[in-house]
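The structure appears right after this line, and notes come after that.
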Amino acid sequence: MTIPKYDEIYLPLLKHLNHGEIVKYRDFEEPMAKHFGLSPEEVAQEYDSGNAKIFFDRISWALTYLNIARLVERPKRAHYRITDDGLKASDDPALIEQLINERYLEHEEAKKKAKQEKESEQHSHIELSSDTGGQTPQESLFTTAESIKETVCADILNTILGKTPQEFEKLVTQLLHKMGYGGGIHGAAMVTSYVNDGGIDGIIKEDILGLGRVHIQAKRYAPENTIGREEIQKFVGALAVAQSNKGVFITTSRFSRGAIEYATTLNGTTNVALIDGQQLAEYIYDHGLGMQVEQTIVIKRLDGDFWDKMSDNPAEE
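Take the sequence shown: its letter number 236 is residue 338 in the numbering used here, and every next letter is one higher.
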């Protein structure tokens, strides 16, 4: 039996979830393998890189697209449950493709709109496409890698929103430390008391004596929310009380233009960096916090110095 493509797994996944109960991510492999009649060797087959099992990876992508189409939902990370639309689609395979195509486009348009609203941050949008559009194979590979990154970043934000505010504060403090703030200082990153924190959620010590400090405020808001100028002003006030001139305001939502302009026009005595949800997810992805490398692709080219040292064959007369 050939390992099915990810779009061939849509319907069996929905049928498997028809009972309405929550199913863990790892518990899909065995029943799907049984449905498709795969041998243990086929289930265990890996990509050439050896970094991931092909069948399980395709199940993962099928669940991602079903989730984008709102045919399944994730009550919490790595747990799935069928939706009312999913129940309807499980009896109408044509509806599955229709909803995935329609809602994937909606999903991409929503991302594009959000990025366009942040032109000052100069984020570019790269869409997943089956057409290379005149790209070289290497450019096409990079485009696909960027599209995969965008999908994983969306998963990162969804996962964060399923955690408590306290866990979010720990996460962003860990992230800044991993990004190099505090260096190798033991205990450089700390979360403040959740009660009466004075508007400061975390602190990074920049030196061993703690003379230099970066103060953090973390707001775990829904992505559609917008943080305005007033909240940044309150944070600046909290920094003044803490006798600090360095702050980072991190959120899972986004900042208004007024908030961005205020933060960039502070008089220099206080510096505040703003990190919105999209940038936060990208930092987590790029710095590998809570991430696993799934696959590594090595691209090689000729070493000109090596080959140029060899004698060329004389031209034939």
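By construction, the Cβ of each residue, glycine as well, lies at the ideal position given by its N, Cα and C atoms.
This one's a predicted model, so the numbers in the text were calculated from it and none came from an experiment.
Between the CA atoms of residue j and residue i - distance to the nearest angstrom
| i | j | result |
| --- | --- | --- |
| residue 331 | residue 181 | 37 Å |
| residue 349 | residue 209 | 33 Å |
| residue 325 | residue 281 | 23 Å |
| residue 135 | residue 106 | 10 Å |
| residue 342 | residue 334 | 12 Å |
| residue 117 | residue 405 | 53 Å |
| residue 301 | residue 276 | 18 Å |
| residue 120 | residue 259 | 27 Å |
| residue 347 | residue 336 | 14 Å |
| residue 357 | residue 187 | 33 Å |
| residue 222 | residue 248 | At residue 222, the pLDDT of 49 sits below 50, so the modelled position is not reliable and the matter cannot be decided from this model. |
| residue 416 | residue 239 | 33 Å |
| residue 320 | residue 138 | 46 Å |
| residue 109 | residue 195 | 11 Å |
| residue 345 | residue 191 | 58 Å |
| residue 227 | residue 214 | Its pLDDT being 44, under 50, residue 227 is placed unreliably in this model, and the value from its coordinates should be taken loosely. Rounded to the nearest angstrom, the two C-alpha atoms are 6 Å apart. |
| residue 360 | residue 367 | 11 Å |
The alpha helix (DSSP H) enclosing residue i, as first and last residue numbers
| i | result |
| --- | --- |
| residue 183 | Element bounds for residue 183: not the alpha helix (DSSP H) but the beta strand (DSSP E), 181 to 184. |
| residue 268 | 267 to 280 |
| residue 137 | 131 to 138 |
| residue 394 | Looking at the DSSP string, residue 394 is not in any alpha helix (DSSP H), and its letter there is neither H nor E. |
Cβ-heavy atom distance, residue i to the ligand GTP, below 8 Å
| i | result |
| --- | --- |
| residue 384 | In the structure on display, the ligand GTP does not appear, and there are no ligands present to speak of. |
In DSSP terms, what residue i is bridged to
| i | result |
| --- | --- |
| residue 205 | Paired residues: none, contrary to the question. |
| residue 375 | 350 |
| residue 148 | 155 |
| residue 262 | BP columns for residue 262 are empty, so no partner. |
| residue 356 | 328 |
| residue 319 | 351 |
| residue 293 | 304 |
Boundaries (first-last residue) of the beta strand (DSSP E) holding residue i
| i | result |
| --- | --- |
| residue 177 | 174 to 178 |
| residue 353 | 348 to 353 |
| residue 304 | 304 to 307 |
| residue 403 | Taken as a continuous stretch (DSSP letters only), residue 403 belongs to no beta strand (DSSP E), as it is neither H nor E. |
Distance between beta carbons of residue j and residue i, contact taken as under 8 Å
| i | j | result |
| --- | --- | --- |
| residue 170 | residue 206 | 6 Å |
| residue 385 | residue 353 | That pair is no contact at about 13 Å. |
| residue 374 | residue 365 | 5 Å |
| residue 160 | residue 202 | Rounded, the Cβ-Cβ distance is 15 Å, inconsistent with contact. |
| residue 158 | residue 131 | 5 Å |
| residue 273 | residue 291 | About 11 Å separates the two Cβ atoms, so there is no contact after all. |
| residue 397 | residue 154 | 6 Å |
Checklist entry - How do the segment 109 to 128 and the segment 153 to 166 stand: do at least 3 beta-carbon pairs fall below 8 Å, yes or no? => result yes
Checklist entry - Is it true that the segment 316 to 324 meets the segment 300 to 307, where meeting means three or more beta-carbon pairs spaced less than 8 Å apart? => result yes
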